[in-house]
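Heads up: the structure comes next, in structure tokens.
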Amino acid sequence: MIAVEQKIPTIRLHGIRKLYRIGGETLAALDGIDLEIGRGEFAALMGPSGSGKSTLMNILGCLDRPSEGSYKLDGAEVAGLSDDALAATRNKKIGFVFQNFNLLPRISALDNVALPLVYAGVGRRERMERAQEMLAAVGLSDRGAHLPNELSGGQRQRVAIARALVNDPHIIMADEPTGNLDTKSTKEIMDIFVRMHEKGHTIILVTHEPEIALRASRQLLVRDGRITRDEGKGVVMDVV
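Numbers in the working numbering are just positions in the sequence shown, counted from 1, shifted up by 1.
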């Protein structure tokens with residue numbers, strides 16, 4: 002009898018709830034999320050304002066903890082980790098890209114990209130080499146000395162992507178990464194994400210734009226704290 006290898010999902014959520022106390026009421030921002038995302042998938046999270054998609058992204062990115070439920074990342078439970086252990090997991094496995102870029106304004110593009118390596122204790126020569134390599138990968142090898150305010154919005158987002166990649170995480174979390182960009186820059190940034198996906202990165206992207214979500218291989222719709230639709234790879238699942 003031939004044994005069949007069972008691949009462990011990169012992300013596995015079961016019964017995830019996030020509760021907030023407001024006045025005398027308890028409100029559920031997330032209400033029983035079950036989700037699996039395989040290594041190398043490109044998933045887009047969609048939903049109206051207040052749907053819970055940003056709360057879900059924060060939990061997936063180990064920026065917040067669920068109130069209830071299990072979150073396994075690469076097979077290891079992370080929901081109950083200490084702050085230090087959660088931060089270490091986040092820094093090792095996940096790169097972040099934000100709508101507003103979150104670049105430090107007084108240091109160069111190259112130094113912004115290298116910043117995660119400073120926190121990782123990497124020596125200056127190596128971190129500068131790796132940062133330059135990542136800038137080249139996003140088409141900005143000649144912009145390393147520029148300050149963020151000397152770059153266009155699309156260029157600043159490329160710097161942010163290079164920074165997310167510099168630690169070589171296998172998961173990229175992108176929160177509305179094209180929200181402040183024009184049409185041309187949006188296409189260029191999404192092309193970079195597609196190439197990253199093709200190279201094997203797991204990408205989870207939050208967007209409110211259907212045409213952006215369709216660039217992903219899987220689309221998840223979040224409403225009222227639940228995943229109500231899961232579409233991708235020729236399969237559509239409506240979750241009740």
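Even for Gly, the Cβ is constructed at its ideal location relative to N, Cα and C.
For the beta strand (DSSP E) containing valine 207, list its first residue and its last residue.
What you label residue 207 is simply residue 206 of the sequence shown in a count that begins at 1. Valine 207 -> beta strand (DSSP E) spans 203 to 207.
Given this structure, state the Cα-to-Cα distance separating phenylalanine 102 from leucine 152, to the nearest angstrom.
Numbered from its first residue, the sequence shown carries residue 102 at position 101. Numbered from its first residue, the sequence shown carries residue 152 at position 151. Roughly 12 Å separates the two Cα atoms.
With a threshold of 7 Å on Cβ separation, who are the neighbours of glutamate 6 within its own chain once the five nearest residues in sequence on each side are excluded?
Within the sequence shown, residue 6 is the residue found at index 5, counting from 1. Low confidence applies to glutamate 6: its pLDDT is 42, below 50, so where it sits in the model is not reliable, and the reading given next is rough at best. Here the set comprises nothing.
Would glycine 1 and isoleucine 95 be called neighbours here (beta carbons separated by less than 8 Å)?
The requested residue 1 does not occur in the structure, where the chain is confined to residues 2 to 241.
Please return the same chain residues whose Cβ sits closer than 7 Å to the Cβ of arginine 131, not counting the five positions on each side in sequence.
Position 130 of the sequence shown holds residue 131. Within the same chain, arginine 131 has close Cβ partners Leu118, Val167.
Using alpha carbons as the reference points, say which of Ile213, Thr203, Glu212 lies closest to phenylalanine 43.
For the purposes of this step, residue 43 is taken as residue 42 along the sequence shown, with counting starting at 1. Here the closest residue by C-alpha is Thr203.
Considering only residues of the region 99 to 157, which uninterrupted alpha helix (DSSP H) runs meet the minimum length of 4 residues and lie entirely inside it, listed in chain order?
Fully enclosed alpha helix (DSSP H) runs of 4 or longer: 110 to 120, 125 to 138.
So which of Lys200, Glu127, Asp35 has the shortest CA-CA distance to isoleucine 172?
As a first step, residue 172 must be located in the sequence shown, where it is residue number 171. Comparing Cα positions, the closest option is Lys200.
Give me whichever residues DSSP pairs with alanine 45 in a beta bridge.
Numbered from its first residue, the sequence shown carries residue 45 at position 44. The partner list for alanine 45 (beta bridge, DSSP) reads Leu206, Gln220.
Can you give me the C-alpha to C-alpha distance between isoleucine 213 and methionine 191, rounded to a whole angstrom?
Looking up residue 213 in the sequence shown gives position 212. Looking up residue 191 in the sequence shown gives position 190. Distance between the alpha carbons of isoleucine 213 and methionine 191: 8 Å.
By how many angstroms is the C-alpha of serine 142 removed from the C-alpha of histidine 209?
Taking the first residue of the sequence shown as position 1, residue 209 is located at position 208. Taking the first residue of the sequence shown as position 1, residue 142 is located at position 141. Distance between the alpha carbons of histidine 209 and serine 142 is about 31 Å.
On the CB-based measure, 16 or more other CB atoms within 10 Å of its CB, does arginine 164 come out buried or exposed?
To locate residue 164, count along the sequence shown from 1; it is residue 163. Label assigned to arginine 164: buried.
Does the region 76 to 96 come into contact with the region 48 to 57, if we say contact requires no fewer than three beta-carbon pairs (one atom in each stretch) closer than 8 Å?
Contact between the region 76 to 96 and the region 48 to 57 is absent, because fewer than three Cβ pairs lie under 8 Å.
With a Cβ-Cβ cutoff of 8 Å, do glycine 226 and alanine 30 count as a contact?
Numbered from 1 along the sequence shown, position 225 holds the residue referred to as residue 226. Numbered from 1 along the sequence shown, position 29 holds the residue referred to as residue 30. Cβ distance < 8 Å, so glycine 226 and alanine 30 count as in contact.
Nearest to glutamate 69 by CA position, among Glu189, Gly33, Ile193, is which residue?
Start at 1 with the first residue of the sequence shown, and residue 69 comes out as number 68. The shortest Cα separation from glutamate 69 among Glu189, Gly33, Ile193 belongs to Gly33.
Quick one: Cα of arginine 224 to Cα of leucine 36, how far?
The residue you call residue 224 lines up with position 223 of the sequence shown. The residue you call residue 36 lines up with position 35 of the sequence shown. Rounded to whole angstroms, arginine 224 to leucine 36 spans 14 Å at the Cα level.
Alpha carbon to alpha carbon, what distance is there between isoleucine 205 and tyrosine 21?
By 1-based counting over the sequence shown, the position of residue 21 is 20. By 1-based counting over the sequence shown, the position of residue 205 is 204. Answer to the nearest angstrom: the Cα atoms are 25 Å apart.
Go through the region 39 to 98 residue by residue and report every complete run of the alpha helix (DSSP H) that reaches 4 residues or more, in order.
If we require 4 residues or more, the alpha helix (DSSP H) runs fully inside the region 39 to 98 come out as 54 to 61, 84 to 94.
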